[in-house]
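In full-length UniProt numbering, the protein residues as written are 1 to 167.
Take a look at the structure below.
Okay, structure coming up:
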C-alpha cells in the first residue's frame, strides 16, 4: 500500500523560502524494510513515502520555487533483502562467488564461503541485517554512478560514505 507523504512537503516549500532556505535534504527515500538505511531497492521510492509520481511532483515544485532538492544516498550497506546482496549470496553458496582469495573480486559484497558450508560477510556496526558494500572494487563505484544517473533530477545529494566509495 502506497502512502503519499512526499507530496505533503510541497505545502511547506513557501515556508522554507520564507525562512531563507534554498535547499531541502530528504533522508533516505528508497524502498527499505524498516528505517530507510536498509535499502532494498535503489530504483524505487519507499511506498511508505509515496511513489515516483509523488517524487517528480516534489522535484518540480522545488524547482519552481528555487529550492534544490537533495537526496541521502546510503551506499555503505544495504538491507538484508536487497536483491543485489541476495544474488551474490546465492552465487557464493552455489560456488560461483568470491572465495575470499581476491578482496576486490569485482563483487559488490565481500561474501566468503567457509569450509563448513556457511558464509561470512562484513556487516555495518554489528547489525547482521545490514551487509556492507565492498568499496575495494569497481562494483561499488558502478552502483553509485548508476543510482545517481537514475535520479539526476535532484539538485544534489548526501553520500553516507563518500570516504569509502571514493578511494
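Beta carbons: idealized from backbone N, C-alpha and C, even for Gly.
Using a 10 angstroms sphere on the CB of residue 53, the tally of other CB atoms stays under 16, which defines it as exposed. Within a 10 Å sphere around the beta-carbon of residue 27 sit fewer than 16 other beta-carbons, which makes this residue exposed.
Taken atom to atom, the span from the alpha-carbon of residue 63 to that of residue 90 is near 43 Å.
The way I'd put it, the segment 33–44 doesn't touch the segment 2–13; fewer than three beta-carbon pairs between them come closer than 8 Å.
For residue 44, there is no enclosing alpha helix (DSSP H); the residue is found in the beta strand (DSSP E) stretching over 39–45.
Contact annotation: residue 49 and residue 29 have beta-carbon atoms nearer than 8 Å. The beta strand (DSSP E) runs of length 3 or more contained entirely in the UniProt domain "Glycosyl hydrolase family 13 catalytic" (7–90) are, from start to end of the chain, 23–26, 30–32, 39–45 and 68–73.
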